[in-house]
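Take the sequence shown: its position 189, counted from the start at 1, is 189 in the UniProt record's numbering, and no numbers get skipped. Beta carbons are placed, not taken as given, at the ideal position from N, Cα and C, and that holds for glycine. A short write-up of the structure that comes next.
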Amino acid sequence: MSAAPAADEAALAALRADLESAAFTVDGVADLVGELGAAALRREQALPARRAVEAAVAGRAPRAWDPRATLTRLFLLGGHTPRAALDAALPATGAEGLVRAGLAVAAGQGDDDAVRAAVDLAPYAATDAAGDVRWWLASDLGELARGGAIANDHVLGAGGASLTLGQVTVRERVGRVLDLGTGCGIQALHASRHADTVVGTDISARALAFARFNAGLNLGDADAFDLRLGSMLEPVAGEEFDLVVSNPPFVITPHAGAAGLAMREALGDFEYRDGGRAGDDLVRDLIVAVGSVLAPGGTAQLLGNWEHRRGQEWTERVGSWLDASGLDGWVIQREVLDPAEYAETWIRDGGTTPERDPDAWAGAYGAWLDDFASRDVEAIGFGIVTLRRPGGPEGETVAPRGGVSTGSTSGGVGGVSTGSTSGGVGGVSTGSTSGGVGGVSTGSTSGRVRLRRLEEHTGAVRQPLGPHLAASLAAHEWLATRTDDALVAARLVVAPDVTEERYLTPGMPDPNVVVIRQGDGLGRGVHASTALAALVGACDGELTVGQIIGALAALFEQAGALGATPTALRDELLPAVRGLVRDGFLRPA
């Protein structure tokens, strides 16, 4: 594998200006290759984009090529490009500047001599909780540009997992951020916009060199990050951070026994995705240990895989990791694959296909199936883990009444459940509208209410999700400091993204089902009783929760409803109100 790129500050500033002038951006490339070509590129298919690029340069002298076509051909499609075209597209840098920086290799000095990319330099655009970003990321050439399998020490660019983590991260102004397993530095770049200090760690010296280059290219300072070589938390032992983000090498890969030997013979180990641990031990160990480097009130967010083993719910297994961590924990499972799907995904990810190398494909596939079978693994989950170390003096919070439980689908009066639509007057159920599995449990440690939440949401979510997660964490803290009497005295407002759906049988005056739906965040849908729907509708910040409940009790009494006293309605509705505040349907006025 070639060395990582490197250049001085002046050269990087010139390259950045050239890339901007060339409109070599995500939108610029999409405009050039069209919707068809852009979609195909996301699937690692080059032909539609290649045809669009060739059409754009047809009949033109290289110096007259569209700069976007020149750079797309070189970096994204792996095509040999005339030196003259690059000199025109990047006037301050030129082909020679790319070669000096280690970004390209030239066959000669003539205008018509071919230049090929030595690394991938791709435009990047995203929206996180801090706003829109537009950068360029250097990483190793991918399968599309290489035309074959990637190397074992491959440094990955910004893939789907990187985008997900960037969008779900809580973006609060903080002092110190740790990007654990920084790779090319994409999460460190995001963190640099809201942190005083960013520390990045990786086991790959090449990855750290790429991260340094990307900091220089996009931030104008190659030393913007404190980059350290080492495994997991070892380089930062004894330190504290306000935020830890990690897209760790979480891929579950066979390592032990015959399956491990077969895997090494077929594919080898990929540094960027293989943590060298058995099963999902790496994710477990990180969840359990990351609290050692979190400052009080600090947050850790990571992506991970976990095994679904026969005879054990995934929520029980991953929940035990949360318990061992001693932290507040919230796990959102976003995808579930069976062992065969999982094997196919990750064999293909490394650039191996049954057409290119049938023996390697079959060997790796069998090794994965054998490895999973050895632990009775029936499926593999992927999701987002958010952890928070409690801050402030112990015992300052008071446990609320009407706790929310996991596993129940029948829901007592006012309970929160998944799957049931028949709760009592104050009942809340997410039903199938959010794909919920698991739930929320609140435990008290030293007088403080602990967040322990495990759920499944496999449908679409509104990105960036970071603000929603931050608001939910803040809502948990707000609720934990309020007894039911304090909640009754609170004034609440309906979040602006919340709507109400009513389902009626034709000809009937009253709805059979009322759903309160969230437009942002996880897009939850809550099946609400008449009383709960009425309470939500009246939350405009003017009346307290207690005043609204009293008014509803009077209305129900006039209508002849039995047992609809203020006390009864309060007992039924308050747990549901807590759930709606926690999930962002209602907010303190």
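Checklist entry - Leaving out the 5 sequence neighbours to the left and right, which residues in its chain are closer than 6 Å to V245 when beta-carbon positions are compared? => result T169, D179, Q187, Q301
Checklist entry - Per DSSP, G230 is paired with what? => result Per DSSP, none; premise fails for G230.
Checklist entry - Candidates S292, R176, F225: which alpha carbon is nearest residue 639's? => result Nothing can be reported for residue 639: it is not among the residues displayed for the chain, which extend from 1 to 589.
Checklist entry - Which residue from P566, D540, C539 puts its Cα closest to that of L552? => result P566
Next on the checklist: Please state the DSSP three-state secondary structure of G111.
Outcome noted: Residue identity differs from the one stated: residue 111 is Asp in this sequence, not Gly. Here D111 sits in coil by DSSP.
Item to check | N-terminal and C-terminal residue of the alpha helix (DSSP H) that D285 is part of | outcome: 281-289
Checklist entry - What's the gap between the Cα of P339 and the Cα of R83? => result 47 Å
Item to check | Contact under 9 Å by Cβ, F24 with R60 | outcome: no
Next on the checklist: Going by C-alpha to C-alpha distance, which of V290, A149, V449 sits closest to F270?
Outcome noted: A149
Next on the checklist: To the nearest angstrom, how far is the alpha carbon of P509 from that of V174?
Outcome noted: 53 Å
Item to check | Own chain, CB closer than 8 Å to D18, minus 5 neighbours either side, in chain order | outcome: A89, L90, P91, A92, T93
Next on the checklist: Can you tell me where the beta strand (DSSP E) holding F241 begins and where it ends?
Outcome noted: 241-246
Next on the checklist: Within 8 Å, do at least three Cβ pairs link the region 524-534 to the region 463-474?
Outcome noted: no
Next on the checklist: Tell me which residues share the same chain as T445 and place their Cβ nearer than 7 Å to its Cβ, disregarding the 5 neighbours each side in the sequence.
Outcome noted: Unreliable placement is indicated for T445, whose pLDDT of 47 sits below 50; no coordinate value is reported for it.
Next on the checklist: Can you give me the C-alpha to C-alpha distance between G220 and R587, rounded to a whole angstrom?
Outcome noted: 41 Å
Item to check | Strand pairing of A49, partner residues [DSSP] | outcome: Answer is none; A49 lacks a bridge partner.
Item to check | Helix, strand or coil at W346 according to DSSP, with G and I counted as helix | outcome: helix
Checklist entry - Does the beta-carbon distance from D376 to R309 come in below 9 Å? => result yes
Checklist entry - Out of curiosity, what's the CA-to-CA distance linking G402 and L492? => result Confidence at G402 is low in this model, with a pLDDT of 31, below 50, so the placement of that residue is unreliable and no value is reported for it.
Checklist entry - Excluding five sequence neighbours on each side, which residues of the same chain lie with their C-beta closer than 8 Å to the C-beta of G550? => result P566
Checklist entry - Does DSSP put G365 in a helix, in a strand, or in coil? => result Before going further, note that residue 365 is Tyr rather than Gly in the sequence given. Y365: helix per DSSP, three-state reduction.
Checklist entry - At which residue ranges does the region 515-579 contain complete alpha helix (DSSP H) runs of 4 or more residues, listed in the order of the chain? => result 530-538, 545-558
Next on the checklist: Please return the same chain residues whose Cβ sits closer than 7 Å to the Cβ of L465, not counting the five positions on each side in sequence.
Outcome noted: Q167, V168, G521
Next on the checklist: Going by DSSP in three states, V251 sits in which element: helix, strand or coil?
Outcome noted: coil
Checklist entry - Taking V236 as the reference, which of D359, A222, A256, G200 has the closest Cα? => result G200
Checklist entry - Rounded to the nearest angstrom, how far is the Cβ of R524 from that of V514, given a contact under 8 Å? => result About 14 Å; that fails the 8 Å criterion.
Next on the checklist: Only counting the same chain, and skipping five residues up and downstream in sequence, which positions put a Cβ closer than 8 Å to that of N512?
Outcome noted: Y503, L504, T505
Checklist entry - Can you tell which of L189, H527, R334, E307 has the C-alpha that lies nearest to the C-alpha of G459? => result R334
Item to check | Any beta strand (DSSP E) of 3 or more consecutive residues that is wholly inside the region 128-177 | outcome: 131-139
Checklist entry - What do you get for P393, buried or exposed, if any count of 16 or more other CB atoms within 10 angstroms of its CB means buried? => result Below a pLDDT of 50, predicted positions are generally treated as unreliable, and P393, at 43, falls in that range; the measurement from the model is reported next regardless. Under this definition P393 is an exposed residue.
Checklist entry - On the three-state DSSP scale, how would you describe W65? => result coil
Item to check | Residues near C184 in its chain [Cβ-Cβ closer than 8 Å; skip 5 each side] | outcome: L137, A138, S139, V155, L156, G157, A158, A207, F210, A211, N214
Item to check | Three-state secondary structure (DSSP) of V198 | outcome: strand
Next on the checklist: Buried or exposed, going by whether 16 or more other CB atoms sit within 10 Å of the CB of S434?
Outcome noted: Below a pLDDT of 50, predicted positions are generally treated as unreliable, and S434, at 39, falls in that range; the measurement from the model is reported next regardless. S434 is buried by the Cβ-count criterion.
Checklist entry - CB R116 to CB G78, shorter than 9 Å? => result yes
Checklist entry - From R356 to A151, what does the alpha carbon distance come to, in whole angstroms? => result 15 Å
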